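Here the protein sequences come in this chain order: A and G. Using the numbering used here, you'd call the opening residue of the first sequence number 28 and step up by one each time. Using the numbering used here, you'd call the opening residue of the second sequence number -19 and step up by one each time. Cβ atoms here follow ideal geometry from the backbone N, Cα and C, with glycine treated the same way. The model shown is predicted, which means the values in this text are computed figures rather than measured ones.
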Amino acid sequence: GQQVMQIPQYQHVQEGEDFTTYCNSSTTLSNIQWYKQRPGGHPVFLIQLVKSGEVKKQKRLTFQFGEAKKNSSLHITATQTTDVGTYFCAGSVSGRGSTLGRLYFGRGTQLTVWP
Amino acid sequence: DSGVTQTPKHLITATGQRVTLRCSPRSGDLSVYWYQQSLDQGLQFLIQYYNGEERAKGNILERFSAQQFPDLHSELNLSSLELGDSALYFCASSVTSGRLNEQFFGPGTRLTVL
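In structure tokens form, the structure reads like this:
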């Protein structure tokens, strides 16, 4: 079945260091979304990538979608304590009418930032 | 605040019991999704409804069932509860059932089975 793998599971960084989380799918995705969940909170949508090779930036965050649409990454430059949380990637597949809209979530990367 | 509401916030019950979790989607959203989040399993998709009809099913146990009502709110029923059902249950909603829609998550219901 469809699987989305995400690594690493945990990442501890010093404030100011960079952080990257990677997402890989066993099959081609139609699009990928990224969510952030703060400790004790709920997942919040960050961004969506649709096109092959797409790169999007949100301030210090850079999101990439692979050329084959099977992988994605989120890179945070110069982390801050406000970046703490778990980052999830979630992909959708095409061609399955009854499951359109379903997101296949990775297990998430839990980011800890030391001041 | 995502606009998605879930009740109750916390639920403590015993093994073998049955509980109902409730979700009200954002105004205008027709699709509702249920997820289970436990420490070692991440976010597990359970089921999706769109405008009252079941649209997709994930790893939902037979002891669990859900429905979406005409006013679009949804309920997740968990029966014959086991210790392993203790988890955070999230409801999310989106405008339609299409794959390009972002999902808005509610605050969750924390279920503890003793």
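In the structure shown, Leu63 of chain G falls within a helical segment according to DSSP collapsed to helix, strand and coil. Contacts with chain G at 9 Å (Cβ-Cβ) do not include Phe92 of chain A. Nearest Cα to Asp45 of chain A within the set A:Arg87, A:Ala117, A:Gly135, A:Thr113: A:Arg87.
Look at Ser119 of chain A: its C-beta is under 9 Å from a C-beta on chain G. A direct Cα-to-Cα measurement between Ala95 of chain A and His53 of chain G gives close to 38 Å. Identification of chain G residues near Asn51 of chain A by a Cβ-Cβ cut-off of 8 Å yields none; the smallest Cβ-Cβ distance measures about 15 Å. Annotation: the continuous beta strand (DSSP E) that includes Gln33 of chain A extends over 31 to 34. In the DSSP assignment, Lys84 of chain A falls within the unbroken beta strand (DSSP E) covering 82 to 85. At least one CB of chain G lies nearer than 9 Å to the CB of Leu130 of chain A.
As the crow flies, the alpha-carbon of Arg134 of chain A is around 15 Å from that of Arg65 of chain A. Taking a Cβ-Cβ threshold of 8 Å, the residues of chain A close to Glu82 of chain G are Gln60, Phe72, Gln75, in chain order.
In this structure, Tyr15 of chain G keeps its C-beta atom at 9 Å or more from the C-beta atom of Tyr29 of chain G. Ranking A:Gln30, A:Leu138, A:Ser52 by CA distance to the CA of Val111 of chain A puts A:Leu138 first. In this structure, DSSP gives Thr106 of chain A a state outside helix and strand, which the three-state scheme calls coil.
Listed in chain order, the non-local C-beta contacts of Val40 of chain A below 8 Å within the same chain comprise Phe46, Thr106, Leu138, Thr139, Val140, Trp141, local neighbours out to five positions each way being set aside.
Distance from the Cα of Leu56 of chain A is smallest, within the candidate group A:Tyr37, A:Gln30, A:Gly43, for A:Gln30.
For Gly22 of chain G, the uninterrupted beta strand (DSSP E) run begins and ends at 22 to 30, by DSSP.
DSSP places Lys37 of chain G in the strand class (E or B) of the three-state scheme. Asn31 of chain G is not a Cβ neighbour of Ala46 of chain G, given a cutoff of 9 Å.
When the alpha-carbon of Gly8 of chain G is set against those of G:Glu55, G:Asn39, G:Thr76, G:Ala36, the nearest one is in G:Thr76. Following the DSSP letters along the chain, one finds Glu55 of chain G inside the beta strand (DSSP E) bounded by residues 54 to 58. Pro35 of chain A and Leu130 of chain A have their C-alpha atoms spaced approximately 20 Å apart.
Counting only the Cα atoms, Asn39 of chain G lies some 33 Å from Gln85 of chain A.
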